[in-house]
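Here is the structure we will look at.
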Amino acid sequence: MTMIQPALRSDMSIDELRTAFRSWLAERADTLEQFRELPTDVDGIFSTLSKMQRELYEAGWIRLGWPAELGGCGGVTALRAVVSEELAAAGYPPPFSFATQEVLGPAIARYAQPELATEVLPRLLRGEESWCQGFSEPGAGSDLASLRTKAVDAGDHWVVDGEKIWTSWAQFADRCIVLTRTGAPDSAHRGITALFVDMDTPGITVSQLVAITGEADFSSLHFDNVQVPKSRMLGDVDGGWAIAMFILSCERGAAAWQRQAWMRWRLDRLVADAPGLTAARAGEAFELISALRLLSRRTLRSLSAGKDLGVLPSFDKYLMSTAEKLLFDSALEAMPETVLFRNDRESKDWRTDYLYSRASSIYGGAKEIQRNVIAERILGLPREK
Ligand SMILES: Cc1cc2nc3c(=O)[nH]c(=O)nc-3n(C[C@H](O)[C@H](O)[C@H](O)COP(=O)(O)OP(=O)(O)OC[C@H]3O[C@@H](n4cnc5c(N)ncnc54)[C@H](O)[C@@H]3O)c2cc1C
Numbered sequence: 342m343t344m345i346q347p348a349l350r351s352d353m354s355i356d357e358l359r360t361a362f363r364s365w366l367a368e369r370a371d372t373l374e375q376f377r378e379l380p381t382d383v384d385g386i387f388s389t390l391s392k393m394q395r396e397l398y399e400a401g402w403i404r405l406g407w408p409a410e411l412g413g414c415g416g417v418t419a420l421r422a423v424v425s426e427e428l429a430a431a432g433y434p435p436p437f438s439f440a441t442q443e444v445l446g447p448a449i450a451r452y453a454q455p456e457l458a459t460e461v462l463p464r465l466l467r468g469e470e471s472w473c474q475g476f477s478e479p480g481a482g483s484d485l486a487s488l489r490t491k492a493v494d495a496g497d498h499w500v501v502d503g504e505k506i507w508t509s510w511a512q513f514a515d516r517c518i519v520l521t522r523t524g525a526p527d528s529a530h531r532g533i534t535a536l537f538v539d540m541d542t543p544g545i546t547v548s549q550l551v552a553i554t555g556e557a558d559f560s561s562l563h564f565d566n567v568q569v570p571k572s573r574m575l576g577d578v579d580g581g582w583a584i585a586m587f588i589l590s591c592e593r594g595a596a597a598w599q600r601q602a603w604m605r606w607r608l609d610r611l612v613a614d615a616p617g618l619t620a621a622r623a624g625e626a627f628e629l630i631s632a633l634r635l636l637s638r639r640t641l642r643s644l645s646a647g648k649d650l651g652v653l654p655s656f657d658k659y660l661m662s663t664a665e666k667l668l669f670d671s672a673l674e675a676m677p678e679t680v681l682f683r684n685d686r687e688s689k690d691w692r693t694d695y696l697y698s699r700a701s702s703i704y705g706g707a708k709e710i711q712r713n714v715i716a717e718r719i720l721g722l723p724r725e726k
């Protein structure tokens, strides 16, 4: 059992935090060694990362940047970014619970009733529970506003029926932010309500789906007459679109920060492992990852200042998938035997990362959609008919 580090203060600067966290990582290197190489199956990965999360929570590091009433230690939001970046730089895996924290956590802090937020957010930070994101449906991915999962008003609760798909890590999730249709079927983005649903509510069936990596990374969810108390509504009735956009801006913005830190570490590994890597490819990957770092730093600063990001994180998401694909395309090009055929642990990791990088231009909104957003909303080009 660790304890909150004496070196940790809510008013510490970014540089102080970096130094203190690096020393802690060095001091605890023996204990943390178990997290360096993850199991290869999703159950093993999940339980190992949850353990790592608890270790970081008990020492206080991942409580920085969250308000005390939500289980945090206070301080500015930007502190949260330092911990994930330093972990990646030291070669530890990105705890995906961090992604949930940065993608769904802020939405619960902002839109849930205060009693609910104070109940559930500390549990998320402690790694005691995990959440998932129930947005996409068969037929409503890029065109999210056409979603059909219905929520009918039944007095003190909603009754939810429908189907969600591609819900990442749903088999481990205790709760899900579900977008539902509460307006008329053709009400598009004006008739959507966001609900925070307990995954053990009767009527929810989780069916695992195997991804290209061979692991069941995501699931489809069936909702059959699922009763959700009104207290679990996020924001207003028919006001769910704003919450969906807020979550997507966190996903496209803050999550890109963690990804760039991890990619930078992977690039270093690639340079070390692949004598066939050309300087031009390494340089291009370095440029893209560095550009992403700068872009997502701007996004984090805006989030930290409580600014509305609008559609700007579409740039981050676009660049993130461009960088990730280029990095792992370069790996394939420089060491095809390793990525395609070898079965030792490191080769399998390269293969999994290569395959997962294909998804980077799909999840969080497909690349073509980000291009449309940039063209229409930022450059002011006419909408595609
Ligand atoms: C690894 C992974 C994890 C995911 N996790 C989650 C999750 O946790 N929760 C969740 O809700 N969803 C999740 N998703 C789903 C993801 O959000 C959708 O796959 C994505 O939004 C695309 O939707 P779709 O698959 O229905 O494809 P479609 O919308 O059918 O798109 C198919 C192709 O057509 C293109 N296209 C569609 N419309 C246009 C247009 N107007 N202009 C130009 N091109 C267009 C798209 O860019 C894409 O290339 C995940 C997906 C992946 C791959």
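Numbered by this note's numbering, the letters in the sequence shown go through residues 342 to 726 in order. Even for Gly, the Cβ is constructed at its ideal location relative to N, Cα and C.
- For residue 571, there is no enclosing alpha helix (DSSP H), as DSSP marks it with neither H nor E.
- When only Cα atoms are considered, residue 356 and residue 376 end up about 25 angstroms apart.
- Taking non-hydrogen atoms of ligand 1 into account, the C-beta of residue 449 is found less than 6 angstroms away from none of them.
- The three-state reading of DSSP puts residue 675 in helix, counting H, G and I together.
- Residue 385 counts as exposed, since fewer than 16 other C-beta atoms from the protein chains shown sit within 10 angstroms of its C-beta.
- Per DSSP, residue 522 is one residue of the beta strand (DSSP E) stretching across 516-522.
- Note that the segment 689-700 touches the segment 547-560; at least 3 beta-carbon pairs, one per stretch, sit closer than 8 angstroms.
- Residue ranges of uninterrupted beta strand (DSSP E) with 3 or more members, entirely inside the segment 397-484 and ordered along the chain, are 472-475.
- At least one heavy atom of ligand 1 falls within 6 angstroms of the beta-carbon of residue 707.
- Taking C-beta atoms as the reference points, residue 388 and residue 468 fail to come closer than 7 angstroms.
- For residue 547, there is no enclosing alpha helix (DSSP H); the enclosing beta strand (DSSP E) has its first and last residue at 545-550.
- Boundaries of the alpha helix (DSSP H) harbouring residue 614: 581-614, taken from the DSSP string.
- CA-CA distance, residue 682 to residue 554, rounds to 14 angstroms.
- Within the DSSP bridge table, the entry for residue 504 names 563 as partners.
- Here the segment 440-447 lies against the segment 463-482, with 3 or more beta-carbon pairs under 8 angstroms apart.
- In this structure residue 538 is buried. Its beta-carbon is surrounded by 16 or more other beta-carbon atoms within 10 angstroms.
- Residue 588 places its beta carbon 7 angstroms or farther from that of residue 605.
- Look at residue 476: its beta carbon is less than 6 angstroms from one of the heavy atoms in ligand 1.
- Around residue 592, the same chain offers 444 and 705 as residues with beta carbons nearer than 7 angstroms, after the five sequence neighbours per side are excluded.
- Where residue 689 is concerned, the enclosing alpha helix (DSSP H) starts and stops at 686-700.
- The residue from 642, 496 and 413 with its alpha-carbon nearest to that of residue 571 is 496.
- With a cutoff of 6 angstroms, residue 509 counts as near ligand 1, since its C-beta is closer than that to a heavy atom of the ligand.
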